[in-house]
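Visitor: Quick one: the structure is below, questions incoming.
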Amino acid sequence: HAFTPQNCSNFVWSYATMRIGNADMFEAMSHQVRIWLLTEFDPQHLSNVLWSYAKLQVCDRALFEAAAEEIVRRGIEYLSRSSQNISNVIWAYGAVGIRPPALLAAIEREVTG
Numbered sequence: 004h005a006f007t008p009q010n011c012s013n014f015v016w017s018y019a020t021m022r023i024g025n026a027d028m029f030e031a032m033s034h035q036v037r038i039w040l041l042t043e044f045d046p047q048h049l050s051n052v053l054w055s056y057a058k059l060q061v062c063d064r065a066l067f068e069a070a071a072e073e074i075v076r077r078g079i080e081y082l083s084r085s086s087q088n089i090s091n092v093i094w095a096y097g098a099v100g101i102r103p104p105a106l107l108a109a110i111e112r113e114v115t116g
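Reminder that position 37 of the sequence shown reads as 40 in this note's numbering, one-by-one numbering, no gaps.
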């Protein structure tokens, strides 16, 4: 079955809210998300996916690093359409203990104007 970015986002979010972890499933989803990042993922889908992985303490370094690079590449405006997106992303990185310097600097610049 093919998932759309929204289906993927909803799916991992529902697993996270029910606190159901499945390493194989989350690894497969991570691969697909990294493919979608460059073309199809919107900010809410991405923030929900990162939040979901962090909620379940799934520290998929490849996913989090790819997401940080893509957010910086697109500009923080990509996330800043909603303060909830920025909050979810900051929380997710903190929860898994990944501190991407370029992403954090971009967020700080956005917040401080």
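Positions of the beta carbon are idealized from the N, C-alpha and C atoms, including for glycine.
Inspect the beta-carbon positions of I79 and I101 and report whether they are closer than 9 Å.
Guide: Not in contact: I79 and I101 (Cβ atoms no closer than 9 Å).
Visitor: Rounded to a whole number of angstroms, what is the C-alpha to C-alpha distance between S50 and W94?
Guide: Taking the straight line from one Cα to the other gives about 10 Å.
Visitor: Should V114 go down as buried or exposed, given a rule of 16 or more other Cβ atoms within 10 Å for buried?
Guide: Label assigned to V114: exposed.
Visitor: Quick one, are the C-beta atoms of L59 and G116 less than 9 Å apart?
Guide: Their beta carbons are not under 9 Å apart, which means L59 does not touch G116 by this criterion.
Visitor: Relative to the alpha-carbon of W16, which residue among H48, A26, F44, Q35 has its alpha-carbon at the smallest distance?
Guide: Among H48, A26, F44, Q35, the Cα nearest to that of W16 is on H48.
Visitor: Mapping DSSP to helix, strand and coil, what is V61?
Guide: Reduced to three states, the DSSP call for V61 is coil.
Visitor: Between which residues of its own chain and L106 is the CB-CB distance below 7 Å, once the five residues before and five after are set aside?
Guide: Contacts found: A71, I74, V75.
Visitor: Can you find a C-beta in chain C that's less than 9 Å from the C-beta of T20?
Guide: Given the protein chain composition of this structure (a single chain), no chain C is represented.
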